[in-house]
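Student: Quick one: the structure is below, and I'll ask about it shortly.
2 protein chains.
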Amino acid sequence: MTDNATRTAIIDAGRELFGERGYNAVTIKDVAARAGFSPAMVMKVMGSKAELYTASAPPGPNLDDSGTDEPVGHQLVRRIVARRDHGEAEPWAMVSILIHDAPDPDVARATFRDRYVSRIAERIGDGTPDLRRTKLVVCTLLGLGAGARTLGMLGPDEAESEELIRQYGALVQGIIDGV
Amino acid sequence: MTDNATRTAIIDAGRELFGERGYNAVTIKDVAARAGFSPAMVMKVMGSKAELYTASAPPGPNLDDSGTDEPVGHQLVRRIVARRDHGEAEPWAMVSILIHDAPDPDVARATFRDRYVSRIAERIGDGTPDLRRTKLVVCTLLGLGAGARTLGMLGPDEAESEELIRQYGALVQGIIDGV
DNA sequence: ATTATCTATAGATCTATAGATAATGC
DNA sequence: ATTATCTATAGATCTATAGATAATGC
C-alpha cells in the first residue's frame, strides 16, 4: 500500500488544479509537479487520471452561517461577491465546466447535483418533496457565478459589492420566501 | 482563393460541433467529417483550429418577439424551456463552456459578453449606462441554462413547462421591471 | 525483503504541413 | 495553368506501463 500522505497530497493538488481549469486542461504532469512527485507516482497511486478526478471532486459549497442575522439569500450571494472581490476561484462558476469536461459527465452531473442541491435544501430549509425552491436558488447562484466570473460581467469596478448583494440577494431571498 | 461554399460548409459544421461540445472535445477530423471534406482541407481553408473556432462563434440569442403579448422575462424563459422540452442544445448552457475551453478565453469572453449583453439590453429596453438590469437578466438566464441542462435539474419530468415559465419568468421580469 | 519513487518509453491522438492528384477554366 | 482537394506523415503532447533504484523495516 502506498503512503497515505502521498495520496492526500496528490488528491489535494488534483482538487486545486481541476477546480481551476477543469479536467482536460490539467495533465498528470501538472498534478505531479504541484504535489511534488513524478507523473508515474501519481498514476501508480491513483490508477488513472479519471480515478484521480473522481477522488478530487470538490466538497460542495461551504454554508456555515456563523453569527449573522442576514437573510440566507443575501448570505449566499455575499460569499460569491466576496470571492470576486478577493480574486479567488469561484466554485459556482466551475460546476458547469467540471461536469462538461469530466471523463464521465453523467457521473459528475449526478455527484454535483446531489451535493449542491442537498446542501442548499438543508440551508434554506426546503422540505418540499420536489425541492423546487432549492433548484431555483441553485440556478440563480450558478448564474451569478457564471455571469460575474466566466463572462466577466459585474466586475468589482462596475458593480459595488453591497449594492450587488442587496439586489441579487433580494432576488434569491425572494425564491426562498416563495415568490 | 478557396471555394466560398466549402468555407461556409466548414464553418457551419464547426459551429454545430463546437456549440455542442466546446473547443477541445471537437477535432479537425470531426469538423471535416461533418462538412464532408478531409482534415487537410479544413486546415487549408481555415488556417488553424483556433481561427476556425473564431469564425464559428455562435450568433447569440435569438430574441425575435413575433406576435405575443407575454412579458419579455417570460418570453426569454419560454425559449429555454422549449429547447429543454424538445431536447435541443441550449446556448445559454454552453456559454461558460465555450469561453473556458476557448484557445483564447479573454477574446471569447469579450465576444460573448458584447453579443449577449447588447442584445438583451436592446430587447428589454435597458437604457442605463451601466446596464445593470441587463447583466442581472443575463445571469439568471445563464443560471437556468446551466441548472436545467448541464446539471440536469428541472427536467421535463420534474418541472412542468408552464409552471416553470411562470415562476422563473416572473423572477426575470422582476429584474426588468426594477425589483 | 518490502515499500516508495523514479526514469524511460510505448502507444495513442491530435494539429499542421508537404507534396501529389484531380477538376476546372482559358 | 490554376484551383480544389486528398494522402501521407512529421512533430508535439499526453496517459499509462515496465522496469530500475533508493529508502525503510525487520
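Heads up: the protein sequence lines correspond to chains A and B, in order. Residue 2 is where the first sequence starts when you use my numbering, and the numbers rise one by one after that. Residue 2 is where the second sequence starts when you use my numbering, and the numbers rise one by one after that. A virtual CB, placed ideally from N, CA and C, is assigned to each residue, including glycine.
1. Would you call the region 135 to 150 of chain A and the region 108 to 124 of chain A touching, i.e. three or more CB-CB distances under 8 Å?
2. Which bits of chain A does residue 123 of chain B rub up against, with CB to CB less than 7 Å?
3. Mind checking whether the beta-carbon of residue 101 of chain B lies closer than 7 Å to any heavy atom of the ligand MN?
4. Give me the chain A residues within the contact set of residue 98 of chain B, using Cβ-Cβ distance strictly less than 7 Å, ordered along the chain.
5. On the DSSP letters alone, give me the boundaries of the alpha helix (DSSP H) that residue 5 of chain B sits inside.
6. In chain order, what residues of the same chain have a beta carbon less than 7 Å from the beta carbon of residue 46 of chain B, not counting five sequence neighbours either side?
7. Here's a check: name, in chain order, each residue in its chain whose Cβ is nearer than 8 Å to the Cβ of residue 17 of chain A, leaving out the five neighbours to either side.
8. Considering just the uninterrupted stretch of the alpha helix (DSSP H) at residue 115 of chain B, what are its terminal residues?
9. Just tell me which of B/81, B/42, B/101 has its CA closest to the CA of residue 173 of chain B.
10. What separation, rounded to the nearest whole angstrom, lies between the Cα atoms of residue 59 of chain B and residue 69 of chain A?
11. What residue from A/113, A/102, A/62 has the CA that sits closest to residue 51 of chain A's CA?
12. Would you kindly check if the distance between the Cβ of residue 154 of chain A and the Cβ of residue 116 of chain B is under 8 Å?
13. Residues in its own chain within less than 6 Å of residue 170 of chain B by CB, not counting five upstream and five downstream?
14. Run the CB neighbour count on residue 129 of chain B, radius 10 Å, all protein chains shown included, and call it buried at 16 or more, exposed below.
15. Could you tell me how far apart the beta carbons of residue 110 of chain B and residue 152 of chain A are, in whole angstroms, since I believe they sit closer than 8 Å?
16. At the level of alpha carbons, what is the spacing between residue 37 of chain B and residue 54 of chain B?
17. Please report whether the beta-carbon of residue 156 of chain B lies at a distance below 8 Å from any beta-carbon of chain A.
18. What would DSSP say about residue 152 of chain B, mapped onto helix, strand or coil?
19. What would DSSP say about residue 87 of chain A, mapped onto helix, strand or coil?
20. Chain B beta carbons: is any one of them nearer than 8 Å to that of residue 78 of chain A?
21. So what does DSSP say about residue 1 of chain A, is it helix, strand or coil?
22. Closer than 8 Å, CB to CB, is residue 113 of chain A near chain B or not?
23. Any idea if residue 65 of chain B is buried or exposed, counting beta-carbon neighbours within 10 angstroms, 16 or more meaning buried?
24. Consider the Cβ of residue 48 of chain A: report whether some Cβ of chain B lies at a distance smaller than 8 Å.
25. Less than 8 Å separating the beta-carbons of residue 193 of chain B and residue 150 of chain B?
26. Could you tell me the boundaries of the alpha helix (DSSP H) in which residue 163 of chain B lies?
27. Give the residues of chain B in contact with residue 58 of chain A, contact being defined as C-beta atoms less than 7 Å apart.
28. Within 10 angstroms of its Cβ, does residue 127 of chain A collect 16 or more other Cβ (buried), or is it exposed?
29. May I ask you to report which of helix, strand or coil DSSP gives residue 129 of chain A?
30. Could you list which residues in chain B have their beta carbon closer than 8 Å to that of residue 143 of chain A, in chain order?
31. Going by beta-carbon coordinates alone, are residue 144 of chain B and residue 144 of chain A separated by less than 8 Å?
Tutor: So, to answer that:
1. yes
2. In the second sequence, residue 123 of chain B corresponds to position 122, counting from 1. Those within 7 Å of residue 123 of chain B in chain A number zero; the least Cβ separation is about 16 Å.
3. Because no ligand of any kind appears in the structure shown, any question about the ligand MN cannot be addressed here.
4. Within the second sequence, the letter at position 97 stands for residue 98 of chain B. Neighbours of residue 98 of chain B on chain A, chain order: 97, 98, 101.
5. As a first step, residue 5 of chain B must be located in the second sequence, where it is residue number 4. Residue 5 of chain B -> alpha helix (DSSP H) spans 5 to 22.
6. Locating residue 46 of chain B in the second sequence gives position 45, where the first residue counts as 1. So the qualifying residues of the chain are 3, 7, 8, 11.
7. As a working note, residue 17 of chain A is residue 16 in the first sequence. Correct list, in chain order: 35.
8. Indexing the second sequence from 1 puts residue 115 of chain B at position 114. Run containing residue 115 of chain B: 106 to 125, per the alpha helix (DSSP H) assignment.
9. For the purposes of this step, residue 173 of chain B is identified with residue 172 of the second sequence, where counting begins at 1. It is B/81.
10. Sequence index remark: in the second sequence, residue 59 of chain B carries index 58 (1-based). Sequence index remark: in the first sequence, residue 69 of chain A carries index 68 (1-based). Approximately 44 Å, taken between the alpha carbons.
11. Your numbering for residue 51 of chain A matches position 50 in the first sequence. Nearest of A/113, A/102, A/62 to residue 51 of chain A, Cα basis: A/102.
12. As a position in the second sequence, residue 116 of chain B is number 115, starting the count at 1. As a position in the first sequence, residue 154 of chain A is number 153, starting the count at 1. For residue 116 of chain B and residue 154 of chain A, no; Cβs fall outside 8 Å.
13. Start at 1 with the first residue of the second sequence, and residue 170 of chain B comes out as number 169. Answer for residue 170 of chain B: 74, 75, 78, listed in chain order.
14. Sequence index remark: in the second sequence, residue 129 of chain B carries index 128 (1-based). Exposed.
15. Locating residue 110 of chain B in the second sequence gives position 109, where the first residue counts as 1. Locating residue 152 of chain A in the first sequence gives position 151, where the first residue counts as 1. At roughly 6 Å, the Cβ-Cβ gap stays under 8 Å, so residue 110 of chain B and residue 152 of chain A are in contact.
16. In the second sequence, residue 37 of chain B corresponds to position 36, counting from 1. In the second sequence, residue 54 of chain B corresponds to position 53, counting from 1. Going from the Cα of residue 37 of chain B to the Cα of residue 54 of chain B covers about 18 Å.
17. Reading the second sequence from its first residue, position 155 is the one you call residue 156 of chain B. It does not: the Cβ of residue 156 of chain B has no partner Cβ on chain A nearer than 8 Å.
18. Here the question's residue 152 of chain B lines up with position 151 in the second sequence. Note: residue 152 of chain B maps to coil in three-state DSSP.
19. In the first sequence, residue 87 of chain A corresponds to position 86, counting from 1. Helix, per DSSP.
20. The residue given as residue 78 of chain A occupies position 77 in the first sequence. It does not; no Cβ of chain B falls within 8 Å.
21. The structure shown does not extend to residue 1 of chain A, since chain A is modelled only from 2 through 180, so no value can be given for it.
22. Locating residue 113 of chain A in the first sequence gives position 112, where the first residue counts as 1. Interface residue, yes.
23. Numbered from 1 along the second sequence, position 64 holds the residue referred to as residue 65 of chain B. Exposed is the call here.
24. Within the first sequence, residue 48 of chain A is the residue found at index 47, counting from 1. It does not; no Cβ of chain B falls within 8 Å.
25. Residue 193 of chain B cannot be examined here, being either before or after the span of chain B that is shown, 2 to 180.
26. In the second sequence, residue 163 of chain B corresponds to position 162, counting from 1. Residue 163 of chain B -> alpha helix (DSSP H) spans 162 to 177.
27. Here the question's residue 58 of chain A lines up with position 57 in the first sequence. By Cβ distance, chain B contributes nothing, its closest Cβ being about 14 Å from residue 58 of chain A, past 7 Å.
28. Your numbering for residue 127 of chain A matches position 126 in the first sequence. That one is buried.
29. In the first sequence, counting from the first residue as 1, residue 129 of chain A sits at position 128. If DSSP states are grouped into helix, strand and coil, residue 129 of chain A belongs with coil.
30. Within the first sequence, the letter at position 142 stands for residue 143 of chain A. Residues of chain B passing the Cβ test: 143, 144, 147, 148, 152.
31. Working through the second sequence from its first residue, we reach residue 144 of chain B at position 143. Working through the first sequence from its first residue, we reach residue 144 of chain A at position 143. The answer is yes: Cβ separation under 8 Å.
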